[in-house]
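Chains as they are written, first to last, in our numbering: chain A, 384 to 727; chain B, 384 to 727.
By construction, the Cβ of each residue, glycine as well, lies at the ideal position given by its N, Cα and C atoms.
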């Protein structure tokens, strides 16, 4: 899933080139490239599909030359994750009715790729044998209020995989007090937005819980892979309701499981999380850019294009981000207002 | 005089395009253009001469298309103001042995151009009748420690012009205590670096006080204005000592006068002075650039290229300056370190 607009990472992330296509850490690989990389050896590039906005088609082709261009599915408009997943699921089912799918955001970070592959492999084995919907639950390391949580029913491990449990309930982003309670329990996990299932499981769930969406994509089975696909999608896709897969399916279906895991996951949803994750100097400054010089500064995250010479003097706790024709200087603690700043 | 490198205004001012060639106030006119403009009607463009570094020749031609290209004198290296003034004085003398000269920096601000023209006109009249060296002394408005001062002998007004007084002494940049004493007296004036004299006065002073310099330029009389001039200057100019006109002549000569005046002068030598001079919003922020947005910020001076979208949140008392591949964020009170920052 690569259709997001990444508005919280402005100005690095812009509607023209959102977060998933940006090399946020200055490593030479963008988020979507890192996402592709972490499936190497586990999923053949021919079986990697990208669902994105039509305006990002060229960026995806450029950043992921390994995958077939026909695997890049283009949404004519944004309708949240449920229509996106319905489209790609039916599209894949048209090619392989027995496929097992991993659904993943393309703008998250995973630091322990070995463990990630072990977990994904184990979950795929599980869904190939069951009709389970598997969500990956991240063991929380702090009382994060920016994530949704999944409560596991630890008394009900699945029979086929002792690491996988039935879901008790999904919980919205909590307040700090609730988040602190969650992390003292071992039952609560962050909702990573990564799902594993076989293709029949998800299309059946859509048939039952989202017939309005399913009735758009199931009838298109004869045209998937033909030269009529894009035009038909352009006509039909906008009719979908705007709804997330969590609301559309997860909170309604029965056979929902959670695979608790720890593989250094973050959604890197904010400058603050980037500040936490990226490499610091001894004064807790992140410098993403090759020529950034700090004087009497600490707790700053500075992100510029590689060539820029930057001098930062006397700042504590700021975001400094510069891209093309935009410069943002903002206290880290005020970063929730970036969407407001970028709009004006 | 347009050979300076303007290192205190980095990164707006760079060795490639120093302060005198920059539109610091965002008005559409650079310092050297504003300097040219304030002589309109008083000095014919054919009589405007620019002495600059050879590497700025094209910038001067572009910014001052009104003046003859042969009036742009090119120094092959920097030797401070005395050799610069010796060169242009002999060069002008070769064309008009009775010329009266105004020597002026090209990177200063004058807000009251009417009064400036009255003062300059009056001083030129005076030097056409006398062999006086006239310095323009600015009536101080604050105990500035960044300027040199001139002490006038107020008991000795000149006979021909009651506004002009003999100089008692030149004073180096004072400490704050001394500066405060200066401004309680009516005898002390800021040294503007603007001089008026007839060409014979200055060449005679150079003959007497700086024979080493004069002996380089006087023998070149036959080649000035010929196609050998530049090559000869390139050979001879580097032999000059590196010395300011103040040390070389002012502090040694006898017939030195000061013309106290008030025409809204500033050398705009620092970001702080620009902050004082440029237009403020109600929170004392200067925004030089067309799309600069402040939130919870005050006492900042922000200077960018016109097209840049800038968001500044939560800053008090900072310089934010961005040009080409450089970005500076620095407390105003630390601006004396900019030279250090720019060098690294």
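Answer with buried or exposed for residue i, where buried requires no fewer than 16 other C-beta atoms within 10 angstroms of its C-beta.
| i | result |
| --- | --- |
| residue 547(A) | buried |
| residue 491(A) | buried |
| residue 452(A) | exposed |
| residue 662(B) | exposed |
| residue 629(A) | buried |
| residue 552(B) | exposed |
| residue 542(A) | exposed |
| residue 394(A) | buried |
| residue 389(B) | buried |
| residue 462(B) | buried |
| residue 410(A) | exposed |
| residue 609(A) | exposed |
| residue 719(A) | exposed |
| residue 423(A) | exposed |
| residue 726(B) | exposed |
| residue 398(B) | exposed |
| residue 696(B) | buried |
| residue 643(B) | buried |
| residue 594(A) | exposed |
Please return the same chain residues whose Cβ sits closer than 6 Å to the Cβ of residue i, not counting the five positions on each side in sequence.
| i | result |
| --- | --- |
| residue 530(A) | 573 |
| residue 585(B) | 472 |
| residue 583(B) | none |
| residue 544(B) | 509 |
| residue 494(A) | 647 |
| residue 523(B) | 566, 573 |
| residue 682(A) | 667, 699, 700 |
| residue 447(B) | 419 |
| residue 713(A) | 702 |
| residue 711(B) | 394, 704 |
| residue 469(A) | 589, 596, 600 |
| residue 670(A) | 685 |
| residue 406(B) | 413 |
| residue 466(B) | 596, 623 |
Tell whether a beta-carbon distance below 9 Å holds between residue i and residue j.
| i | j | result |
| --- | --- | --- |
| residue 651(A) | residue 672(A) | no |
| residue 702(A) | residue 691(A) | no |
| residue 592(B) | residue 474(B) | no |
| residue 577(A) | residue 626(A) | no |
| residue 485(B) | residue 454(B) | no |
| residue 620(A) | residue 401(A) | no |
| residue 581(A) | residue 511(A) | yes |
| residue 733(A) | residue 632(A) | The requested residue 733(A) does not occur in the structure, where chain A is confined to residues 384 to 727. |
| residue 721(B) | residue 391(B) | yes |
| residue 408(B) | residue 660(B) | yes |
| residue 645(B) | residue 521(B) | yes |
| residue 457(B) | residue 435(B) | yes |
| residue 579(B) | residue 479(B) | no |
| residue 497(B) | residue 641(B) | no |
| residue 677(B) | residue 678(A) | no |
| residue 575(A) | residue 653(A) | no |
Counting only Cβ pairs nearer than 9 Å, list the residues of chain B close to residue i.
| i | result |
| --- | --- |
| residue 724(A) | 676, 678, 694, 696 |
Leaving out the 5 sequence neighbours to the left and right, which residues in its chain are closer than 8 Å to residue i when beta-carbon positions are compared?
| i | result |
| --- | --- |
| residue 537(B) | 548, 569, 570 |
| residue 415(B) | 385, 403, 404, 433, 443, 446, 447, 489, 490 |
Which residues in the same chain as residue i place their Cβ atom closer than 7 Å to its Cβ, once the five residues preceding and following it in sequence are excluded?
| i | result |
| --- | --- |
| residue 501(A) | none |
| residue 559(A) | 526, 528 |
| residue 599(B) | 619, 622, 623 |
| residue 706(B) | 394, 395, 688 |
| residue 638(B) | 514, 515, 516 |
| residue 635(B) | 592 |
| residue 555(B) | 531 |
| residue 680(A) | 666, 668, 695, 696, 697, 698, 699 |
For chain D, find out if any of its Cβ atoms is closer than 9 Å to the Cβ of residue i; answer yes or no.
| i | result |
| --- | --- |
| residue 398(B) | Of the chains in the structure shown, none is chain D; the protein chains are A and B. |
Of all the residues that make up the segment 688-701 of chain B, which are near chain A by a beta-carbon distance shorter than 8 Å?
-> Taking 8 Å as the Cβ-Cβ cut-off against chain A, the residues of the segment 688-701 of chain B that qualify are 690, 691, 692, 693, 694, 695, 696, 697, 698, 701.
Contact list for the segment 700-720 of chain B against chain A, Cβ threshold 7 Å = Per Cβ criterion, the list reads 703, 705, 708, 709, 710, 711, 712, 713, 714, 717.
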